[in-house]
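As numbered in my numbering, residues -1 to 366 make up the sequence shown, in order.
Using N, Cα and C, we set each Cβ at its ideal position, and we do this for glycine too.
Here the structure is a predicted model, which means the values were calculated and not measured.
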Amino acid sequence: MTDASLKSSPLHDRHKALGAKMADFGGWEMPIEYPGGGVLREHTAVRERVGIFDVSHLGKALVKGEGAADFVNRCFTNDLRKIEPPKAQYTMCCDQATGGVVDDLILYLHSDEKVFLVPNAANTAEVVRRMNEDLPDGITITDQHTDYGVIAVQGPKSVEVVQALGLPTDMEYMSFTEADWNGKPVIVLRSGYTGEKGFELVPRWEDTPALWDALVEAMEPFEGLPCGLGSRDTLRTEMGYPLHGNDLSMDITPNMARSGWAVGWKKDQFWGKDALEAQKAAKDYRLTWGLLVTGRGIPRSHCEVKNADGTVIGEVTSGTMSPTLKQGIALALLDRDVAEGTEVVIDVRGRAVEAKVVKPPFVQVETA
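See the structure below:
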């Protein structure tokens, strides 16, 4: 895809003015990192202080009508009836036939008649298409991808930064509120993709630049930074959080990714339920583990993982250098008989890199 064909977030001009290195993320031109230290500096800012991310490329769609929440609950894996408005929930859209993951997304439950969806950018159209194929009378789905921006505020000082804008912060994890900022509506969700304490702010598209500017100013006393999607990736990998397309996909089911906690197994139905239950019963699939590099090297996606005698026992799905640990880390799908603590070798471009099988997260953070 050429730069000219890529979509732009409402903060595109802000990123360009800051000299950000830009790249294609799901058809959107988004910042990878900013000058002055790049991923390492931005990662450290979030772990130690605070950082803000433009994630406006994420999809947005609104499901409305009588029985909207019940309809959404019949589509996606998690049980929406476990929460009450105004709360959000992580869930997955799975293929009916195979149980493969079409996308993972966040649902905002406003009421029984109103559910706001935030899928991944590249998958929004497919999620909406599948829902439209199954849509009951009286319920509508509206694509609102460019109606709203999304800014993530993450780090130990995120509360102080959000409070500086007069926005509410006293809420439980995965709770949200519809707030007012300078006469402009903003949804404030207590959540994030870094493991740190944080919030995701959802303003109207046209209000996003002013909100970003206010956050940049509010961060200054804490030496906070605008952060690109490069550090977002290292932060989430340190926590063992999956990325769709790497650690979840049409070939990697919730069972394989150890995401069964986000599956409402007791629900009467959801897309892929029969396939996932059959797979779970058969127990013939690989499982996701963490790999902590003990040698020298940085694992990357698709690197083969081998045991001591050279037999291939799995494959890396996500890999990076952990800025916190100063070691290579990875998520990998490994054969079922592999146990925690096993010494393995990762084939990194033909070079054997030693690693140990561990349970993520790779770092401990304070989120309370």
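- Please report the residue range of the alpha helix (DSSP H) in which Q277 lies. Counting along the chain, the alpha helix (DSSP H) containing Q277 begins and ends at K271 to A280.
- What residues match up with R202 in a beta bridge as DSSP calls it? Y146
- Message: At 4 residues or longer, what runs of the alpha helix (DSSP H) sit wholly inside the stretch 175 to 230?
- Response: Restricting attention to alpha helix (DSSP H) runs no shorter than 4 residues, the stretch 175 to 230 encloses them at 206 to 217, ordered along the chain.
- Task: For L323, count neighbouring Cβ atoms within 10 angstroms of its own Cβ and tell me buried if that reaches 16, exposed if not.
- Result: exposed
- Message: Going residue by residue through the stretch 232 to 318, where are the continuous alpha helix (DSSP H) segments of at least 4 residues, counting only ones entirely within it?
- Response: DSSP runs (the alpha helix (DSSP H)) wholly in the stretch 232 to 318: 271 to 280.
- Message: Please report the distance separating the alpha-carbon of L285 from that of I50.
- Response: 33 Å
- What does a CB cutoff of less than 6 Å around M248 pick up in its chain, not counting 5 residues either side in sequence? G98
- Query: Are at least three pairs of beta-carbons, each pair with one atom in the stretch 220 to 238 and one in the stretch 75 to 93, less than 8 Å apart?
  - Reply: Between the stretch 220 to 238 and the stretch 75 to 93 there are fewer than three C-beta pairs closer than 8 Å, too few to call the two in contact.
- Element boundaries [beta strand (DSSP E), containing R349]: R349 to V356
- Query: If you measure from the CB of G34, is any heavy atom of the ligand SAM nearer than 6 Å?
  - Reply: Among the components modelled here there is no ligand, and therefore nothing to report on the ligand SAM.
- Query: Do you know whose CA, among I30, L103 and R79, lies nearest L246's CA?
  - Reply: Ranked by Cα distance from L246, the options I30, L103 and R79 are led by L103.
- Between I137 and F69, is the Cβ-Cβ spacing less than 7 Å? yes
- Task: Could you check which residue in W210, V116, H143 and I30 has the C-alpha nearest to that of V160?
- Result: W210
- What number of angstroms, rounded off, separates the C-alpha of V184 from the C-alpha of L163? Cα to Cα, V184 sits roughly 11 Å from L163.
- Query: Cβ atoms of V342 and A328: under 7 Å apart, would you say?
  - Reply: no
- Could you give the distance in angstroms between the alpha-carbon of E31 and the alpha-carbon of Y171? 28 Å
- Going by DSSP, what residues sit across from D102 in a beta bridge? M90
- Would you call the CB atoms of L115 and A59 closer than 7 Å? yes
- Is the beta carbon of A177 sitting closer than 7 Å to the one on L165? yes
- C-beta contact flag for N244 and S316 at 7 Å: yes
- Query: How long is the line joining the alpha carbons of H242 and L227, rounded to whole angstroms?
  - Reply: If you draw a straight line from the Cα of H242 to the Cα of L227, it comes to about 14 Å.
- Taking only the alpha-carbon atoms, compute the straight-line gap between H41 and D168 and give it to the nearest angstrom. 25 Å
- Task: Closer than 6 Å by C-beta to K19: which residues in its own chain qualify, once you throw out the five before and the five after it? Chain order, please.
- Result: Closer than 6 Å at the Cβ level, and outside the excluded window around K19, lie I30 and E31.
- Query: Between G17 and L4, which are expected to be in contact by the criterion C-beta below 8 Å, what is the C-beta distance as a whole number of angstroms?
  - Reply: Actually they do not touch by this definition, with Cβ atoms about 18 Å apart.
- Query: Run through DSSP, which three-state label would G36 get?
  - Reply: helix
- Item | Distance, A306 Cα to P399 Cα | Summary: the structure shown does not reach residue 399, with the chain confined to residues -1 through 366, and so no result is reported for it.
- Message: Applying the 10 Å Cβ sphere with the 16-neighbour rule, what's the burial state of T122?
- Response: buried
- Item | Spatial distance of S156 from V48 (CA atoms) | 6 Å
- Task: With DSSP as the reference, please indicate the residues paired to S6 in a beta bridge.
- Result: DSSP output for S6 lists E27 as bridge partner(s).
- Which residues share a DSSP beta bridge with E341? According to DSSP, E341 shares a beta bridge with K354.
- Task: Identify whether F51 lies in helix, strand or coil by the three-state DSSP scheme.
- Result: Taken through DSSP and simplified to helix, strand or coil, F51 comes out as strand.
- Message: Taking the beta carbon of A276 as the centre, do at least 16 other beta carbons fall within 10 Å, making it buried, or is it exposed?
- Response: exposed
- Item | Terminal residues of the alpha helix (DSSP H) in which F69 lies | A66 to C73
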